[in-house]
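Asker: Can you read through this structure? Questions will come right after.
Residue numbers (this note's numbering): 1466 to 1992.
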């Protein structure tokens, strides 16, 4: 018999492959905005075991150990892929990839391209795509996933003119990012609306740990138009220090060993505490200062930060930056296996839309590594799905999508106003510090917004309304998880309960969400 065909090297090698983006591929997501870097063990003094341990500890041991082991082991190979494809990372004098220290890590393992690492990676991947048979369809919003029985078989889509369409597929990969836009102040691009969480949940996939929302410690505060814009952790990695309005380097009180390079959850809570106790600036922030660093170091290692603040008349070489926490990253999401399978047949996921890799708190530099490690695994696993002779399309699902759109023409509430209300509710009640009263208020108010019929007057408004519905669903899941987890763990801090986790045997386990199982529960010790 002839030898078996070689395994596919990517999804497109197994057959027709389509990328669907609701914006412009490579321009609308958060990866292109990522500034800090990519974690990989490249030096003999470092080790995969150390990277694994740092990630588990940083994630409050809520991580899936199998996923973390894969992340640490395969991240070096994936950055070598990028390097081979033409990515330009900063190099040392010995022509090795340069690495800087990031919070919560015992070794400088964060590779970088100045402070525009994500942009460099995305441009490299786009160039790689141009020489591939992959079809790209931009400005196409996925309304819902199609299913045949329990298996995902494609998607219902809507273009910018409001035309509905169907894409059938042997396998679907969700790589839709996070949902920072459900908050009033966020580092996320406008595309960070949590569509993948909502699509997976409505289809019946399991989600975990949706209450674990990371607030990046250093978002811009002033001028107002810059509010929430990311001030990369690379600033602290290069030696930036945090000061309150009394001139105190306050991280000495909260983590004297690691100081500004403590984990993000610790630094964010520390800044919030300084502001709440009256030692913050008039705009509700603290100072991030790099004026003690050589000007050449700032100009070469932090060029985007320098340029960004110069636009507003602030020279970070001589003046401190005003910063405060801002919604940044969702550690929770779709439950996946090491092969990036979700709990639904033929549905895969990678990146921020998944849960389990980062546990209760993500280390800076692990997100970009996550996209490359599990993006590759998702593509290979999807390519390995056995083709079906005929992909069934359920007419009832199409009718349900059409009915959902028709109801939008009968509603009256404007999507923009509903989103504004949702963002304020989430920021005021489901932020860094949480308590049952605030969460119950948010639960009630988000339920009211979800019950308010959204209205549209033009087919061009369909996508915006559908995305708003997705955001409201994600907000409800975050609130439910925050109410259920009656302990302070990772990025989730409850001020009204005295149940701190102490080790990996915390009885609460993962907060688990599944529409298919008609309820929300906590595994490994139900509440």
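Every residue gets a Cβ at the ideal spot worked out from N, C-alpha and C, and that includes glycine. The structure displayed is predicted, hence computed values, not measured ones.
Just verifying my parser: in three-state terms, what is the DSSP assignment at residue 1803?
Answerer: Residue mapping note: residue 1803 aligns to position 338 of the chain shown, counting from 1. In the structure shown, residue 1803 sits in coil (DSSP, three-state: anything other than H, G, I, E or B).
Asker: When the Cα atoms are used, what is the spatial distance from residue 1977 to residue 1659?
Answerer: As a working mapping, residue 1977 is identified with position 512 in the chain shown. As a working mapping, residue 1659 is identified with position 194 in the chain shown. Their Cα atoms are separated by approximately 17 Å.
Asker: In this structure, does DSSP put residue 1612 in helix, strand or coil?
Answerer: Against the chain shown, residue 1612 aligns to sequence position 147. Three-state DSSP puts residue 1612 in a strand.
Asker: In angstroms with no decimal places, state the Cα-to-Cα distance between residue 1781 and residue 1868.
Answerer: In the chain shown, residue 1781 corresponds to position 316, counting from 1. In the chain shown, residue 1868 corresponds to position 403, counting from 1. Those two C-alpha atoms are separated by around 54 Å.
Asker: Does the Cβ of residue 1791 lie closer than 7 Å to at least one heavy atom of the ligand MN?
Answerer: With respect to small molecules bound, the structure shown includes none, and the ligand MN cannot be examined in it.
Asker: What do you get for residue 1597, buried or exposed, if any count of 16 or more other CB atoms within 10 angstroms of its CB means buried?
Answerer: For the purposes of this step, residue 1597 is taken as residue 132 along the chain shown, with counting starting at 1. By the neighbour-count rule (16 or more Cβ atoms within 10 Å), residue 1597 is not buried but exposed.
Asker: Look up residue 1600 in the DSSP assignment and give the residues it is bridged to.
Answerer: Here residue 1600 is taken as the residue at index 135 of the chain shown, counted from 1. Per DSSP, 1483.
Asker: Is the beta carbon of residue 1899 closer than 8 Å to that of residue 1959?
Answerer: If you number the chain shown from 1, residue 1959 lands on position 494. If you number the chain shown from 1, residue 1899 lands on position 434. Contact flag set, yes.
Asker: Could you check if residue 1583 is buried or exposed, using at least 16 other CB atoms within 10 Å of its CB as the buried criterion?
Answerer: Taking the first residue of the chain shown as position 1, residue 1583 is located at position 118. By the neighbour-count rule (16 or more Cβ atoms within 10 Å), residue 1583 is buried.
Asker: Is the segment 1750-1768 touching the segment 1648-1664, taking contact as three or more C-beta pairs under 8 Å?
Answerer: The segment 1750-1768 is not in contact with the segment 1648-1664.
Asker: Within a Cβ cutoff of 8 Å, which residues of the same chain sit near residue 1925, ignoring the five residues on either side of it in sequence?
Answerer: Counting from one through the chain shown, the residue named residue 1925 turns up at place 460. Answer for residue 1925: 1625, 1626 and 1627, listed in chain order.
Asker: Assign residue 1682 to one of three DSSP states: helix, strand, or coil.
Answerer: The residue you call residue 1682 lines up with position 217 of the chain shown. In this structure, residue 1682 counts as strand in the three-state DSSP scheme.
Asker: Using the Cβ count rule (16 or more neighbours within 10 Å means buried), how would you classify residue 1487?
Answerer: For the purposes of this step, residue 1487 is taken as the residue at position 22 of the chain shown. Its Cβ being crowded by 16 or more others within 10 Å, residue 1487 is buried.
Asker: Give the secondary structure of residue 1564 by DSSP, where H, G and I count as helix, E and B as strand, and everything else as coil.
Answerer: What you label residue 1564 is simply residue 99 of the chain shown in a count that begins at 1. DSSP places residue 1564 in strand when its eight states are reduced to three.
Asker: Mind reading off the beta-carbon distance from residue 1676 to residue 1943? Whole number of angstroms is fine, and I expect it under 8 Å.
Answerer: Counting from one through the chain shown, the residue named residue 1676 turns up at place 211. Counting from one through the chain shown, the residue named residue 1943 turns up at place 478. Indeed, because the Cβ distance is near 6 Å, the residues count as touching under 8 Å.
Asker: CB residue 1485 to CB residue 1607, shorter than 8 Å?
Answerer: Start at 1 with the first residue of the chain shown, and residue 1485 comes out as number 20. Start at 1 with the first residue of the chain shown, and residue 1607 comes out as number 142. Cβ distance < 8 Å, so residue 1485 and residue 1607 count as in contact.
Asker: Which first and last residues belong to the beta strand (DSSP E) in which residue 1633 is found?
Answerer: Taking the chain shown and counting its residues from 1, the one referred to as residue 1633 is at position 168. Element bounds for residue 1633: 1629-1633.
Asker: Do you know offhand how far residue 1490's Cα is from residue 1590's?
Answerer: One-based indexing of the chain shown puts residue 1490 at position 25. One-based indexing of the chain shown puts residue 1590 at position 125. C-alpha separation (whole angstroms): 11 Å.
Asker: What is the DSSP secondary structure of residue 1770, reduced to helix, strand or coil?
Answerer: On the chain shown, residue 1770 is found 305 positions in, with the first residue counted as 1. Helix, per DSSP.
Asker: Does the Cβ of residue 1727 have 16 or more other Cβ atoms within 10 Å, making it buried, or fewer, making it exposed?
Answerer: Working through the chain shown from its first residue, we reach residue 1727 at position 262. Buried, by the Cβ-count rule.
Asker: Which residues in the same chain as residue 1897 place their Cβ atom closer than 7 Å to its Cβ, once the five residues preceding and following it in sequence are excluded?
Answerer: Within the chain shown, numbered from 1, the residue matching residue 1897 stands at position 432. Excluding residues within five positions, the ones whose Cβ falls inside 7 Å are 1680, 1733, 1734, 1737, 1790 and 1958.
Asker: Consult DSSP for residue 1850 and reduce its assignment to one of helix, strand or coil.
Answerer: Here residue 1850 corresponds to residue number 385 of the chain shown, with the count starting at 1. It is coil, neither helix nor strand.
Asker: Specify whether the segment 1919-1936 and the segment 1604-1619 touch according to this definition: at least 3 beta carbon pairs, one from each stretch, less than 8 Å apart.
Answerer: A contact exists between the segment 1919-1936 and the segment 1604-1619.
Asker: Who are the Cβ neighbours of residue 1840 in its own chain at under 6 Å, not counting the five residues just before and after it?
Answerer: Here the question's residue 1840 lines up with position 375 in the chain shown. Contacts found: 1815.
Asker: Check each candidate in 1753, 1807, 1813 and 1772 and name the one with the smallest Cα separation from residue 1784.
Answerer: Numbered from its first residue, the chain shown carries residue 1784 at position 319. Nearest of 1753, 1807, 1813 and 1772 to residue 1784, Cα basis: 1753.
Asker: Under a three-way DSSP split, which group does residue 1892 fall into?
Answerer: Residue 1892 sits at position 427 when you count from the first residue of the chain shown. In the structure shown, residue 1892 sits in a helix (DSSP, three-state: H, G or I).
Asker: Could you give the C-beta distance for residue 1803 and residue 1535, rounded to a whole number, given that I count them as a contact under 8 Å?
Answerer: Working through the chain shown from its first residue, we reach residue 1803 at position 338. Working through the chain shown from its first residue, we reach residue 1535 at position 70. Between residue 1535 and residue 1803 the Cβ distance is about 6 Å, and since that is below 8 Å, they are a contact.
Asker: If you follow the alpha helix (DSSP H) that residue 1733 is in, where does it begin and where does it stop?
Answerer: The residue given as residue 1733 occupies position 268 in the chain shown. Looking at the DSSP string, the run of the alpha helix (DSSP H) that includes residue 1733 is 1729-1741.
Asker: Any idea if residue 1558 is buried or exposed, counting beta-carbon neighbours within 10 angstroms, 16 or more meaning buried?
Answerer: For this step, residue 1558 is matched to residue 93 along the chain shown. Exposed, by the Cβ-count rule.
Asker: So is residue 1877 buried or exposed if we call it buried at 16+ other beta carbons inside 10 Å?
Answerer: Taking the chain shown and counting its residues from 1, one reaches residue 1877 at position 412. Residue 1877 comes out exposed.
Asker: Excluding five sequence neighbours on each side, which residues of the same chain lie with their C-beta closer than 6 Å to the C-beta of residue 1665?
Answerer: The residue labelled residue 1665 in the question sits at position 200 within the chain shown. Excluding positions up to five away in sequence, the list reads 1799.
Asker: Assess, as a yes-or-no matter, whether the segment 1815-1830 is touched by the segment 1491-1502 under the definition of 3 or more beta carbon pairs within less than 8 Å.
Answerer: In short, these stretches touch, since the Cβ pair count reaches three.
Asker: Is the beta carbon of residue 1891 less than 8 Å from the beta carbon of residue 1937?
Answerer: Translated into positions along the chain shown, residue 1891 becomes position 426. Translated into positions along the chain shown, residue 1937 becomes position 472. Taking 8 Å as the Cβ cut-off, residue 1891 and residue 1937 do not qualify as a contacting pair.
Asker: Assuming contact is defined by CB atoms lying nearer than 8 Å, are residue 1770 and residue 1863 in contact in what I supplied?
Answerer: Indexing the chain shown from 1 puts residue 1770 at position 305. Indexing the chain shown from 1 puts residue 1863 at position 398. The answer is no: Cβ separation not under 8 Å.
Asker: Is residue 1798 helix, strand or coil when you go by DSSP?
Answerer: In the chain shown, counting from the first residue as 1, residue 1798 sits at position 333. Strand.
Asker: Assuming contact is defined by CB atoms lying nearer than 8 Å, are residue 1539 and residue 1838 in contact in what I supplied?
Answerer: On the chain shown, residue 1539 is found 74 positions in, with the first residue counted as 1. On the chain shown, residue 1838 is found 373 positions in, with the first residue counted as 1. A contact, by the Cβ cut-off of 8 Å.
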